[in-house]
Amino acid sequence: MDYFHRKDGHLWCEEVRVGDLADRFGTPLYVYSQRTFTEHFRKLDAAFSDVPHLVCYSVKANGNLGILRELGRLGAGADIVSGGELVKARRAGIPADRIVYSGVGKTRAELALAVREGIRCVNVENVEELEVLDEVARSIGRRQAVAFRVNPDVDAHTHAHLTTGRRENKFGIPLEEVGRAAEVAARLEALQVVGLDMHIGSQILTPEPYREALRQAREVVAFLRARGFPVEHLDIGGGLAVRYDTEEPMTADEFHEAIIHLVRDLEVTLILEPGRFIIGPAGILVGEVIFVKEAGNRRFVILDAGMNDLIRPVLYGAHHRLEPVVDRPGDPVPTDVVGPVCESGDFLGKDRRLPPLVRGDRVVVFTAGAYGFAMSSQYNQRPRAAEVLVDGTEARLVRRRETWEDLLAAETDLIPGP
Ligand code: LLP
Numbered sequence: 384m385d386y387f388h389r390k391d392g393h394l395w396c397e398e399v400r401v402g403d404l405a406d407r408f409g410t411p412l413y414v415y416s417q418r419t420f421t422e423h424f425r426k427l428d429a430a431f432s433d434v435p436h437l438v439c440y441s442v443k444a445n446g447n448l449g450i451l452r453e454l455g456r457l458g459a460g461a462d463i464v465s466g467g468e469l470v471k472a473r474r475a476g477i478p479a480d481r482i483v484y485s486g487v488g489k490t491r492a493e494l495a496l497a498v499r500e501g502i503r504c505v506n507v508e509n510v511e512e513l514e515v516l517d518e519v520a521r522s523i524g525r526r527q528a529v530a531f532r533v534n535p536d537v538d539a540h541t542h543a544h545l546t547t548g549r550r551e552n553k554f555g556i557p558l559e560e561v562g563r564a565a566e567v568a569a570r571l572e573a574l575q576v577v578g579l580d581m582h583i584g585s586q587i588l589t590p591e592p593y594r595e596a597l598r599q600a601r602e603v604v605a606f607l608r609a610r611g612f613p614v615e616h617l618d619i620g621g622g623l624a625v626r627y628d629t630e631e632p633m634t635a636d637e638f639h640e641a642i643i644h645l646v647r648d649l650e651v652t653l654i655l656e657p658g659r660f661i662i663g664p665a666g667i668l669v670g671e672v673i674f675v676k677e678a679g680n681r682r683f684v685i686l687d688a689g690m691n692d693l694i695r696p697v698l699y700g701a702h703h704r705l706e707p708v709v710d711r712p713g714d715p716v717p718t719d720v721v722g723p724v725c726e727s728g729d730f731l732g733k734d735r736r737l738p739p740l741v742r743g744d745r746v747v748v749f750t751a752g753a754y755g756f757a758m759s760s761q762y763n764q765r766p767r768a769a770e771v772l773v774d775g776t777e778a779r780l781v782r783r784r785e786t787w788e789d790l791l792a793a794e795t796d797l798i799p800g801p
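Using my numbering, the first residue of the sequence shown is number 384, and each one after it goes up by one.
So this is what it looks like as structure tokens:
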């Protein structure tokens with residue numbers, strides 16, 4: 384579900400023509416629909432209204448301050464994975480007591496920032512981390528609430544790079560280590576174990592992997608409670624899928640229905656960490672055709688947007704729907720939509736049936752709100768795209784386009800410019 388639609392031959396985002404946004408802000412351009420992510424947040428929040436719960440939006444999916452601020456206003460917390468994400472979540476006004484922090488390699492500096500901010504929970508991923516966090520908290524003179532992030536060894540049936548809850552993945556405390564972690568935590572005075580956490584992967588289409596992980600989690604909750612730890616919350620991570628092409632992901636209500644019986648009697652606050660589910664369908668990437676080239680038997684449409692703007696196609700073989708922003712007459716032809724970057728992997732879609740696009744046309748890449756801008760880079764010394772947030776008839780620039788000067792900003796070996 385989203386608020387992008389076609390009317391009179393044009394693509395619209397809510398009540399704004401996407402072509403007008405490209406004229407006004409230039410391309411490559413990320414455009415977000417506030418109504419879309421608001422609705423996705425609200426649906427998930429409402430689906431779980433029968434249990435105490437907190438939806439912690441996963442900042443890594445899209446850390447734009449404008450988006451974080453709106454989600455914070457709606458009542459979302461934040462799931463963070465770095466000190467930088469903590470800084471952004473706080474700057475966006477998300478209260479510290481709604482922030483949870485996972486990550487396999489948190490540094491002392493990052494842990495210290497988390498303790499000083501007084502975040503709700505640090506999801507500890509190994510025994511060594513418990514000891515370091517305890518030291519850090521003691522030196523600051525605070526007690527820090529923690530959860531064990533366990534690795535339930537569950538197959539999420541998703542892309543190999545998007546699975547995190549298998550034994551061979553680097554994430555979480557292996558189940559057989561939980562006993563040792565509990566022993567260590569029990570003697571660390573600056574830590575208080577208040578929860579259990581897991582995250583089994585991303586773009587998960589069916590409830591079964593969650594159920595399997597929850598069955599494991601229930602045993603761990605019982606184990607920890609038997610040892611005197613008050614497990615007040617259970618964090619089941621993110622991972623809910625969205626439709627890129629023809630997938631049939633679960634709705635919020637279906638997800639709730641499928642798992643809630645494994646949660647209710649535990650009498651915990653349920654924490655969810657969705658990223659993609661909230662922001663994925665709410666964002667598009669718009670590029671402009673620079674050239675069209677026929678080579679061999681292929682037709683290449685070369686955009687000003689490329690893999691540095693959206694790396695998902697080459698990194699995961701991800702399929703993002705592509706369309707012209709303005710209808711173009713003519714029979715569809717097989718087209719490779721590529722970017723200007725010097726890599727053969729620089730494509731947004733291969734062998735797509737698109738009308739015969741010409742120089743100057745705009746192309747939209749759908750479902751690019753999650754892990755789109757967030758994973759973009761300046762590769763090939765390309766300034767990053769601008770981001771615009773649309774709310775009804777209003778469009779607000781929430782991140783300006785980077786400039787060539789920005790490419791130089793952090794360099795220290797400058798000579799007077801040309
Ligand atoms: N919680 C934790 C601890 C995570 O590691 C992640 C994502 C999430 C929540 C949010 O997952 P989501 O609800 O968005 O599936 N770059 C990849 C996705 C990597 C996800 C990493 N962790 C992509 O473009 O598909």
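Here a beta-carbon is modelled for each residue, glycine too, at the ideal position from N, C-alpha and C.
It should be emphasised that the depicted structure is a prediction, and the values quoted were computed from it without experimental measurement.
Extent of the continuous beta strand (DSSP E) to which residue i belongs
| i | result |
| --- | --- |
| V748 | R745 to V748 |
| E640 | From DSSP, E640 is part of no beta strand (DSSP E) but of the alpha helix (DSSP H) over A635 to I642. |
| F674 | G666 to A678 |
| V773 | A769 to D774 |
| G460 | G460 to I463 |
| P707 | L705 to P707 |
| I798 | Looking at the DSSP string, I798 is not in any beta strand (DSSP E), and its letter there is neither H nor E. |
| R783 | Premise fails: R783 is in no beta strand (DSSP E) and is neither H nor E. |
| V434 | Element bounds for V434: n/a, residue is neither H nor E. |
| L404 | Not the beta strand (DSSP E): L404 falls in the alpha helix (DSSP H), residues V401 to F408. |
Rounded distance between the beta-carbons of residue j and residue i, thought under 8 Å
| i | j | result |
| --- | --- | --- |
| V434 | I643 | 7 Å |
| G392 | D710 | 4 Å |
| Q527 | L454 | Actually they do not touch by this definition, with Cβ atoms about 25 Å apart. |
| V505 | L516 | 6 Å |
| R745 | N691 | Wrong, their Cβ atoms sit about 18 Å apart, outside the cutoff. |
| Y440 | G658 | 7 Å |
| G584 | T546 | 4 Å |
| R532 | S485 | 6 Å |
| H582 | Y699 | With 8 Å as the limit, H582 and Y699 do not qualify as a contact, their Cβ atoms being about 18 Å apart. |
| P739 | D385 | So it is not a contact: roughly 27 Å between Cβ atoms. |
| L437 | R481 | 6 Å |
Start-to-end residues for the alpha helix (DSSP H) that takes in residue i
| i | result |
| --- | --- |
| Y699 | R695 to Y699 |
| G466 | G466 to R474 |
| D517 | V510 to I523 |
| I450 | L448 to L457 |
| V561 | V561 to A569 |
| F660 | R659 to I662 |
Heavy atom of the ligand LLP within 7 Å of residue i beta-carbon
| i | result |
| --- | --- |
| M384 | no |
| F420 | no |
| T354 | As displayed, the chain neither begins before 384 nor continues past 801, which places residue 354 out of reach and without an answer. |
| M690 | no |
| F660 | yes |
| H540 | no |
| D328 | Coverage of the chain is limited to positions 384 through 801, which leaves residue 328 absent and any answer about it impossible. |
| A753 | yes |
| T547 | yes |
| R695 | yes |
| L623 | yes |
| Q586 | yes |
| H436 | no |
| E398 | no |
| H639 | no |
| P592 | no |
| Y484 | no |
| A479 | no |
| H582 | yes |
| Y413 | no |
| K443 | yes |
| E656 | yes |
| G488 | no |
| G620 | yes |
| D462 | yes |
| E762 | Checking the sequence, you will find Tyr at residue 762 rather than Glu. Result no, Cβ not under 7 Å from the ligand LLP. |
Bridge partners - residue i, DSSP secondary structure assignment
| i | result |
| --- | --- |
| R579 | A small fix is needed here, since residue 579 is Leu in this sequence, not Arg. F531 and L617. |
| T718 | R735 |
| E777 | D774 |
| S416 | V773 |
| N506 | A530 |
| L623 | I587 |
| K686 | Inspection of the sequence shows that residue 686 is occupied by Leu rather than by Lys. Paired residue(s): V672. |
| H393 | K390 and V709 |
| V483 | D462 and C504 |
Closer than 8 Å to chain D by CB, residue i
| i | result |
| --- | --- |
| D628 | No chain D appears in this structure, which consists of one protein chain only. |
Exercise. Okay, do the segment 611–621 and the segment 584–599 touch, 3+ Cβ pairs below 8 Å being the bar?
Worked result: Contact holds: three or more Cβ-Cβ distances are below 8 Å.
For this session: Count the C-beta pairs between the segment 443–459 and the segment 726–745 that are closer than 8 Å, then say yes if the count reaches three, no if not.
Result: The way I'd put it, the segment 443–459 doesn't touch the segment 726–745; fewer than three beta-carbon pairs between them come closer than 8 Å.
Exercise. Given 8 Å as the limit, is there contact between the segment 661–676 and the segment 631–645, that is, 3 or more CB pairs closer than that?
Worked result: Below 8 Å, too few C-beta pairs join the segment 661–676 and the segment 631–645 to call them touching: fewer than three.
For this session: Count the C-beta pairs between the segment 776–786 and the segment 645–655 that are closer than 8 Å, then say yes if the count reaches three, no if not.
Result: Contact annotation: the segment 776–786 does not touch the segment 645–655, with fewer than three C-beta pairs closer than 8 Å.
Exercise. Is it a yes or a no for the segment 687–707 touching the segment 728–738, going by three-plus beta-carbon pairs under 8 Å?
Worked result: Under the three-pair Cβ rule at 8 Å, the segment 687–707 counts as touching the segment 728–738.
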